[in-house]
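Working notes, structure below.
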Amino acid sequence: KAAKAKELRGKPGMLKDGTRIPLLANVGKPEDADPALEHGAEGVGLFRTEFLFLGNEEPPSIEEQTAAYAKLLARFPGRKVVIRMLDAGADKPLPFLTPEDEPNPALGLRGLRTLREHMPVMDGQLKALAAADAQTEADLWVMVPMVADEHEAAYFVELGKSYGLKKVGVMAEVPSIALVADKVAQVADFVSIGTNDLTQYTMAADRTLGSVAAYQTAWHPAVLRAIKMIADAGNAHGMPVGVCGEAAADPDLAVVLAGLGVNSLSMTPVALDDVRASLAEVTLEEARARAAAALNGDFYHPAE
Ligand code: PEP
Ligand code: MG
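Here it is as structure tokens:
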């Protein structure tokens, strides 16, 4: 089985009937391009930019950021690379940006909310992304995390475009955005579902807390129904919908996500082989049947 998975490595992600599901890599620093390419990633679906800011007393300079983004983009000429704006706050606190006195940090300032409070940081990152884009040949997509509704989505898309960015989208990781997904699909170029946070917020269970870890599963039909709302809205409006949370790295769940209408999957590079092999075993019709069963709760087993 492992040998078969490796054999498929040079091939693009697709179902048995040829339905394309591009398989992308999640990366945390430019050097991660190596494992991503080695495992046959077709591009990058999530570049977490927090590494540039972590452990520093102040935000990195525009030049420093530009160099880091360009370094990654240069490894993927002609290919899709989704770079995520800084996700400071909650499980990713940054000393100079995150307030220390929030009683519930996951419900406080994080992602877009933090950036709007620190416009010079937002401005610097957008300038660096536009500069790196101009220097390289990759197909750059830029998204922002922790977006609650279509108003915030429209705000960020407009802002990103004012810097000359071509594809600007949002992460879907707050349940509210799933509920208004039809509105979001009218303003965003794309949506990427962050199933780690979407699960945390849908189930109201802190993703960092061991005592409630049993709730942190995207197999829960409530989470899958939220994903379906987003995929349906995207497909109705011709807006690409990807998944970049851990759910995409589960070979069985990946089939369900494809059946729900998700267009691309992004995951840690080591998961690519197994997910590629798993998708190749089912037709779209079979994946849809699997998704219908999952939405019904057939594969979800509550903890005792
Ligand atoms: C997610 O929430 O699923 C996600 C991909 O982002 P992060 O894990 O970095 O919050
Ligand atoms: Mg997240």
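Residue 549 is where the sequence shown ends in UniProt numbering, and the numbering goes up by one at each step.
Glycine included, every Cβ here is placed at the ideal spot set by N, Cα and C.
Please read all numbers here as calculations on a predicted model, not as lab measurements.
Look at the alpha carbon of alanine 313 and the alpha carbon of aspartate 378, and state the distance between them as a whole number of angstroms. Each residue's alpha carbon lies about 12 Å from the other.
If you measure between the beta carbons of alanine 398 and isoleucine 475, is that distance less than 7 Å? With contacts defined as CB atoms closer than 7 Å, alanine 398 and isoleucine 475 fail to qualify as a contacting pair.
Helix or strand or just coil, what does DSSP make of glycine 290? Here glycine 290 carries a strand assignment [DSSP, helix/strand/coil].
Grouping DSSP H, G and I as helix and E and B as strand, with all else coil, what is leucine 268? In this structure, leucine 268 counts as strand in the three-state DSSP scheme.
According to DSSP, what are the bridge partners of leucine 510? According to DSSP, leucine 510 bridges with Leu268, Val488.
Under 8 Å Cβ to Cβ from arginine 293, same chain only, skipping five residues before and after it: list those, please. By the criterion of a C-beta distance shorter than 8 Å, arginine 293 is surrounded in its chain by Asn271, Val272, Gly273, Arg329, Asp332, once the five residues flanking it on both sides are discounted.
Consult DSSP for glycine 369 and reduce its assignment to one of helix, strand or coil. The three-state reading of DSSP puts glycine 369 in helix, counting H, G and I together.
Quick check on DSSP: helix, strand or coil for glycine 285? Of the three classes helix, strand and coil, the one that applies to glycine 285 here is coil, per DSSP.
Do alanine 532 and alanine 503 have their C-beta atoms within less than 7 Å of each other? Yes, Cβ-Cβ distance for alanine 532 and alanine 503 is below 7 Å.
For alanine 247, tell me which candidate among Gly356, Val432, Ser523 has the shortest Cα-Cα distance. Restricting attention to Gly356, Val432, Ser523, the CA atom closest to the CA of alanine 247 is found in Ser523.
Decide if leucine 454 is buried, meaning its Cβ has at least 16 other Cβ atoms within 10 Å, or exposed. Its Cβ having fewer than 16 others within 10 Å, leucine 454 is exposed.
Sequence-distant residues of its chain with Cβ nearer than 6 Å to valine 387 (five each side left out): Closer than 6 Å at the Cβ level, and outside the excluded window around valine 387, lie Ile328, Leu374, Gly405, Leu410, Val413.
Please find out if some non-hydrogen atom of the ligand PEP comes closer than 6 Å to the beta-carbon of aspartate 442. If you check the C-beta of aspartate 442 against the ligand PEP, you find a heavy atom less than 6 Å away.
Taking 6 Å as the limit between beta carbons, can you name the residues of its chain near valine 520, skipping five residues before and five after? The beta carbon of valine 520 sits closer than 6 Å to the beta carbons of Pro496, Ala499 from its chain, once the five residues preceding and following it are set aside; these are given in chain order.
Alpha carbon to alpha carbon, how far is glutamate 491 from asparagine 441? Those two C-alpha atoms are separated by around 6 Å.
Going by DSSP, name the residue or residues bridged to valine 402. BP columns for valine 402 are empty, so no partner.
Just mark methionine 391 as buried or exposed, buried being the case when its beta carbon has 16 or more other beta carbons within 10 Å. The residue in question, methionine 391, is buried, as its Cβ has 16 or more Cβ neighbours within 10 Å.
Answer yes if the segment 525-542 comes into contact with the segment 286-300, meaning at least three C-beta pairs across the two stretches below 8 Å, and no otherwise. Too few Cβ pairs lie closer than 8 Å, so no.
CA-CA distance, leucine 443 and glycine 323? Rounded to whole angstroms, leucine 443 to glycine 323 spans 31 Å at the Cα level.
Within 10 Å of its beta-carbon, does alanine 459 have 16 or more other beta-carbons around it, so buried, or fewer, so exposed? Alanine 459 should be labelled exposed.
Rounded straight-line distance, which links the Cα of methionine 448 to that of asparagine 349: Using only the alpha carbons, I get a separation of about 15 Å.
According to DSSP, is aspartate 394 helix, strand or coil? Coil.
Does any C-beta atom of chain B lie closer than 7 Å to the C-beta of proline 365? The structure shown has no chain B; it contains just one protein chain.
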